[in-house]
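Taking it in order: structure first as structure tokens, then the write-up.
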Amino acid sequence: MKRLLKWLQECWRGYTEGRYGLDGLSAMYLCISAALIACVLNMEPGNLRILTGLGAVILGAYGLYRCFSKDTQKQQQQLHTFEKELEEIDYKISLRTGVWKIKRSYRYVRCKNCGHRFRVPRTQKKQTITCPNCEKKISRRT
Ligand SMILES: [Zn+2]
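In case it helps, our numbering puts the sequence shown at residues 3 to 144.
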């Protein structure tokens, strides 16, 4: 039994030598594939189930292909592109959260006289604000 295990280990080592291996992108493909397979198991029979199952198999096969590919340069390039896209999405999300931080600390007030909309800091107190457009005084809670 020990010799068999050792033989299997050496076979595996010989096969995986020079291969790309597992990275974040392959792991993502494999995880999505596993999640889709879990969905397929809970679906009612039909065309959607077949399509989802097909998608799961294709994604899983592609994830495994990336792991065992010998073209490491191409796989690294794909990973680099994927990480760049993720950074861009992360940057866009951080911009959105920045806008929300501003919205939390300021309140937008519309002047009833001229309709001009302007920003005042939130204070939770009633205060008198002057419209920067028509200079009419507005008294309200900000
Ligand atoms: Zn005004």
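From the three backbone atoms N, C-alpha and C, an ideal C-beta is built for every residue, glycine too. In this text, all values refer to a predicted model and were calculated from it rather than measured experimentally.
Inset, instruction - May I ask whether a heavy atom of ligand 1 can be found less than 6 angstroms away from the beta carbon of K138? - result: For the purposes of this step, residue 138 is taken as residue 136 along the sequence shown, with counting starting at 1. Checking the Cβ of K138 against ligand 1 gives yes.
Inset, instruction - Verify the contact flag: H82, CB atom, against every heavy atom of ligand 1, threshold strictly below 6 angstroms. - result: In the sequence shown, residue 82 corresponds to position 80, counting from 1. Result no, Cβ not under 6 angstroms from ligand 1.
Legend entry - R21 - DSSP class collapsed to helix/strand/coil: Here the question's residue 21 lines up with position 19 in the sequence shown. Residue state, collapsed to three classes: coil.
Legend entry - Simplified DSSP assignment, three categories, for S141: As a working mapping, residue 141 is identified with position 139 in the sequence shown. In the structure shown, S141 falls within a strand segment according to DSSP collapsed to helix, strand and coil.
Inset, instruction - Have a look at E90 and W14 and give me their C-alpha separation to the nearest angstrom. - result: Taking the first residue of the sequence shown as position 1, residue 90 is located at position 88. Taking the first residue of the sequence shown as position 1, residue 14 is located at position 12. C-alpha separation (whole angstroms): 38 angstroms.
Legend entry - Which listed residue (K114, P123, P47) has its alpha carbon closest to that of N135: Numbered from 1 along the sequence shown, position 133 holds the residue referred to as residue 135. Among K114, P123, P47, the Cα nearest to that of N135 is on K114.
Inset, instruction - Please report the Cβ distance between G65 and L43, rounded to the nearest whole angstrom; I am assuming they are in contact, meaning their Cβ atoms lie under 8 angstroms. - result: Translated into positions along the sequence shown, residue 65 becomes position 63. Translated into positions along the sequence shown, residue 43 becomes position 41. At roughly 19 angstroms, the Cβ-Cβ gap does not stay under 8 angstroms, so G65 and L43 are not in contact.
Legend entry - Contacts around V59, its chain only, beta-carbon distance under 8 angstroms, and the 5 residues preceding and following it disregarded: Translated into the one-based positions of the sequence shown, residue 59 becomes position 57. Taken in chain order, the residues that qualify are S35.
Legend entry - Residue of R119, G62, Y110 minimising C-alpha distance to A40: Reading the sequence shown from its first residue, position 38 is the one you call residue 40. Between A40 and the set R119, G62, Y110, the nearest pair of CA atoms involves G62.
Legend entry - Buried/exposed call for L6, threshold 16 Cβ in 10 Å: Residue mapping note: residue 6 aligns to position 4 of the sequence shown, counting from 1. Counting other Cβ atoms within 10 Å of its Cβ, L6 stays below 16 and is therefore classed as exposed.
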